[in-house]
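Chemist: A single structure is presented below for examination.
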Amino acid sequence: MKIDFVNLRVQYSQYKEEIDSAVLKVFSSCQFIQGDEVSKLEEELVGYVRAKHCISCSSGTDALLLALMSIDIQPGDEVITTPFTFIATAEVISLLKAKPVFVDIDESTYNIDPSRIEEKINSRTRAIMPVCLYGQPADMDDINEIAGRHNLIVIEDAAQSFGAEYKGRRSCNLSHIGCTSFFPSKPLGCYGDGGAIFTNDEKMADKIRSMMNHGQARRYEHQYIGINGRLDALQAAILRVKLGHLDDEVQRRVYLGKRYTELLNRKEVVTPTVKDDRTSVYAQYSIRVNDRERVIQRLNEAGIPTAIHYPIPVYRQEALGYLNINPDEYPVTEEVSRHIMSLPMSAFLTEEEQDYIVRYI
Ligand SMILES: *Cc1c(COP(=O)(O)O)cnc(C)c1O
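In structure tokens:
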């Protein structure tokens, strides 16, 4: 059997008519950047996430960058985040010459451990940037509460958790600013790069929208130093089609995630823990095993692709070597990054494929 890690081919074949016609409509409109499709998408995203404002943008990374720019992060400022994430989270902090300050993760959810945040807060701390890893929201209420006590902004990196719920609220709408990614393999993906920023604060929304488009207030009048962070109409049109199917896809992901966990129950693997008050959209279905290399080899030989999210903690990356961080400070991240591995997952994985994968584990 040959299995896709994320089955984008079957997804396209199922939505083909809708996607093709949406894309052709953009071609005939000749409105390629921003415009109607983009504003309609933003309205629909606001409806889905139930936040007041949505600013679409060119990627999840730019969403995080714009969020930090909008709160005027300065060189030397500190932003607290997790070391067990994709590089983008810490990268945007460093790009603005601020300092990423890492807090170790919770061993059951792999998200930032709120009980260890406060000891890292000092007079230079400006924001906390939790990541909702693998599609499960972090402990956002605890984090918001800590932030409130210290007057900090909370930016949710929801690049993997679009569609997830936390105490009845939607991911991206769990703190001051929520940022997501529409990279093709994310739970809601486009056919290129894309992202979005959500907030309930109108002033912040206006500033982010302006910074997203060269800091323009009106055309050729530039109030801020911004970026070209615009989403294009083709991606918006594709996202509108896919958003219409997202509830079904999320339901299927949750079903398949739980099914993996049941099937793997008796094996020597650590399956993901999802807390009772939230859902995971299983952007990744990741397990921990003792002999990871051997398991990966065995699965790959059987035509089952695997991935490791993430093999190297962010503080160990060469690009962040200047921070001189001692890995001993992060025992949980060290342990998890040595044993974690991801199995094929998407709304289009079949039960038959899943049974086959589990058999080889
Ligand atoms: C994918 C991802 C990003 C970056 O999103 P892009 O759209 O690829 O720029 C940021 N943070 C996390 C946790 C991600 O998984």
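Residues in the sequence shown are numbered consecutively from -12, following the working numbering.
Think of the CB as a built atom: it goes at the ideal place given N, C-alpha and C, for glycine as much as any other residue.
1) Span of the beta strand (DSSP E) holding M328?
2) At 3 residues or longer, what runs of the beta strand (DSSP E) sit wholly inside the segment 101 to 144?
3) For I99 versus T69, is the C-beta distance shorter than 7 Å?
4) Does T320 get closer than 7 Å to chain D when you measure Cβ to Cβ?
5) Quick check: Y302 and M(-12), are their CB atoms within less than 7 Å of each other?
6) When the Cα of F169 is compared with those of V345, D219, L55, I20, which residue comes out closest?
7) Under 6 Å from any heavy atom of ligand 1, by CB: list those residues in chain order, please.
8) Strictly by DSSP, which residues pair up with R156?
9) How long is the line joining the alpha carbons of G150 and R206, rounded to whole angstroms?
10) Give a yes or no on whether the C-beta atoms belonging to A270 and Y121 are separated by under 7 Å.
11) Taking only runs that begin and end inside the segment 306 to 348, name each unbroken beta strand (DSSP E) of 3 or more residues, in chain order.
12) Provide the residue span of the beta strand (DSSP E) that contains V237, from first to last.
13) Going by DSSP, name the residue or residues bridged to R265.
14) Would the C-beta of T258 count as close to ligand 2, meaning under 6 Å from any of its heavy atoms?
15) Of the residues R240, V10, I283, which one's Cα is nearest the Cα of L175?
Modeler: The answer reads as follows:
1) In the sequence shown, the residue the question calls residue 328 occupies position 341. M328: member of the beta strand (DSSP E) spanning 327 to 330, first to last residue.
2) Runs found: 112 to 116, 140 to 144.
3) Residue mapping note: residue 99 aligns to position 112 of the sequence shown, counting from 1. Residue mapping note: residue 69 aligns to position 82 of the sequence shown, counting from 1. Taking 7 Å as the Cβ cut-off, I99 and T69 qualify as a contacting pair.
4) Of the protein chains in this structure there is only one, and it is not chain D.
5) Position 315 of the sequence shown holds residue 302. Position 1 of the sequence shown holds residue -12. No. Outside cutoff.
6) Here residue 169 refers to the residue found at position 182 of the sequence shown. By alpha-carbon distance to F169, the top candidate from V345, D219, L55, I20 is D219.
7) Chain-ordered list of matching residues: S46, G47, T48, T72, F73, A75, T76, V118, D144, A146, Q147, S168, F170, D180, G182.
8) As a first step, residue 156 must be located in the sequence shown, where it is residue number 169. DSSP, once it has assigned bridges, lists Y153 as partnering R156.
9) Counted from its first residue, the sequence shown places residue 150 at position 163. Counted from its first residue, the sequence shown places residue 206 at position 219. Approximately 35 Å, taken between the alpha carbons.
10) Taking the sequence shown and counting its residues from 1, one reaches residue 270 at position 283. Taking the sequence shown and counting its residues from 1, one reaches residue 121 at position 134. Yes, the pair counts as a contact, with Cβ atoms nearer than the cut-off.
11) If only uninterrupted beta strand (DSSP E) runs of at least 3 residues are considered, those enclosed by the segment 306 to 348 are 327 to 330.
12) Against the sequence shown, residue 237 aligns to sequence position 250. In this chain, V237 is not harboured by any beta strand (DSSP E); it is covered by the alpha helix (DSSP H) spanning 233 to 250.
13) What you label residue 265 is simply residue 278 of the sequence shown in a count that begins at 1. Partner(s): Y153.
14) The model depicted lacks ligand 2 and carries ligand 1 instead.
15) The count along the sequence shown starts at 1 and reaches residue 175 at position 188. If we check each option's Cα against that of L175, R240 comes out closest.
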